[in-house]
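Each remark here refers to the structure printed beneath this line.
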Amino acid sequence: MMMRKNYKNLSALLLAAMLAPTLLQARELPSNLQPLEDIPPPSISSEDVPDEPEVTIVKKNGETIEEYRVGGQLYMMKVTPKHGVPYYLHREDQDGAWVNVGPNPPLSIPKWTIFRF
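Residue numbers (this note's numbering): 22 to 138.
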């Protein structure tokens, strides 16, 4: 087993020694090359970054509601009650209802029909 490892290492070393002169040769460049002009970096403004959410903070009756909007569309709310743990409300899709994601999500009660009389 040890001999095979030595042969693999030896073959890799021989291959590298054979290819090294061809890889290290200087290549001739055409004589008519000109340097490229410097391009300034693009300017970044708040209007150019549509993925940044706009956050509106509303305080009512001791609780804080942070509304997150992208493109004017409300997609998520963080509700921090006066006494308690904060939770998030978000929409599954644009027309869907608000879904509670937090420490105490609402119970999902199955509503299957088993028998009908």
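Glycine included, C-beta positions come from ideal geometry on N, C-alpha and C.
Problem set entry | Secondary structure of threonine 77, DSSP reduced to three states | Position 56 of the sequence shown, counting from 1, holds the residue named residue 77. Of the three classes helix, strand and coil, the one that applies to threonine 77 here is strand, per DSSP.
Exercise. Quick one: Cα of alanine 37 to Cα of lysine 29, how far?
Worked result: The residue given as residue 37 occupies position 16 in the sequence shown. The residue given as residue 29 occupies position 8 in the sequence shown. When rounded, the distance between both Cα atoms is 12 Å.
Problem set entry | Beta-carbon proximity of tyrosine 89 to methionine 97, cut-off 7 Å | On the sequence shown, position 68 is the one that residue 89 refers to. On the sequence shown, position 76 is the one that residue 97 refers to. Contact: yes.
Exercise. To which residues does DSSP link tryptophan 119 through a beta bridge?
Worked result: Indexing the sequence shown from 1 puts residue 119 at position 98. Partner(s): Arg112.
Exercise. What residues in its chain sit with their C-beta under 6 Å from that of leucine 54, if we drop five residues either side in the sequence?
Worked result: Position 33 of the sequence shown holds residue 54. Result list for leucine 54: empty, nothing under 6 Å.
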